[in-house]
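S.K.: The structure under discussion is supplied below as structure tokens; questions concerning it will follow.
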Amino acid sequence: MTPDDLVLTPIGLRFRGQLFPCSIGRGGLTERKREGDGATPVGTHRIVGMLYRPDRMARPADWALPLRPNDLWSDDPQDADYNMMVRAPYAHSHERLCRGDPLYDLILVTDWNWPYAVRGRGSCIFIHQWRRPGYPTAGCIGLRRDHLLHIARQITYGARLIVPPR
């Protein structure tokens, strides 16, 4: 492990010697991730992107990319763009990245099932803001806004999210 690794523990997410409370997927941890199961996949996942809402915050890192109003993430296993960022209009199942709530104001993108997605194995696992303490995600890792921003300002491209089995 390196200092830049994010390591999920039973009591939070460890990064650079600090422990941050976090939420995981409503389906718990899994070694057999499937689309829609709500679980957080066990394994080592590289951080391959950072997206942010420029209308809601300053650029957190020099490699962060701004989200645009029509940015979406495909979660349709039957579509050729499954588990890729796409733009509206988009006829297939997707998640809107520019949401009305603050959940996706800042997103660390992992390489879960990317860039060559296996259909049905689950779309992207993000690290994003949580709804509230203890409230589960759809499979992602959720953090308090200020903790997420603190990590985003320090993390490097290619760092790893390590999710060990419990």
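Throughout the sequence shown, residue numbering follows the working numbering, covering 1 to 166 in sequence. Cβ coordinates follow ideal geometry from the N, Cα and C atoms, glycine included.
(1) Who are the near neighbours of proline 10 in its chain, counting only those whose CB is closer than 8 angstroms to its CB and skipping five residues on each side?
(2) Could you tell me which of Tyr157, Leu148, Gly158, Pro164 sits nearest to glutamine 18, measuring between CA atoms?
(3) Mind checking whether tryptophan 112 and glycine 122 have CB atoms under 8 angstroms apart?
(4) Glutamine 154 lies in the alpha helix (DSSP H); which residues open and close that run?
(5) Secondary structure at threonine 186, three-state DSSP: helix, strand or coil?
(6) Between which two residues does the beta strand (DSSP E) harbouring glutamate 95 extend?
(7) Could you tell me the distance, in whole angstroms, from the CA atom of isoleucine 24 to the CA atom of leucine 161?
(8) Quick one: what's arginine 46 bridged to in DSSP?
(9) Using the Cβ count rule (16 or more neighbours within 10 Å means buried), how would you classify alanine 117?
(10) With a CB to CB cut of under 7 angstroms and the five nearest residues on each side skipped, what residues in its chain are close to proline 133?
(11) Counting pairs of Cβ atoms below 8 angstroms between the region 95 to 102 and the region 66 to 74, do you hit three or more?
(12) Regarding lysine 33 and the ligand MG, is the C-beta to nearest heavy atom distance less than 7 angstroms?
(13) Does the region 2 to 16 come close enough to the region 135 to 155 that 3 or more CB-CB pairs lie under 8 angstroms?
M.R.: Looking at the coordinates:
(1) Arg166
(2) Nearest of Tyr157, Leu148, Gly158, Pro164 to glutamine 18, Cα basis: Leu148.
(3) yes
(4) 145 to 154
(5) No answer is possible for residue 186: it lies beyond the span of the chain, which begins at 1 and ends at 166.
(6) 94 to 96
(7) 13 angstroms
(8) Arg160
(9) buried
(10) Pro21
(11) Enough Cβ pairs lie closer than 8 angstroms, so yes.
(12) Looking for the ligand MG in the displayed structure turns up nothing, as the structure carries no ligands at all.
(13) Yes: at least three Cβ pairs fall under 8 angstroms.
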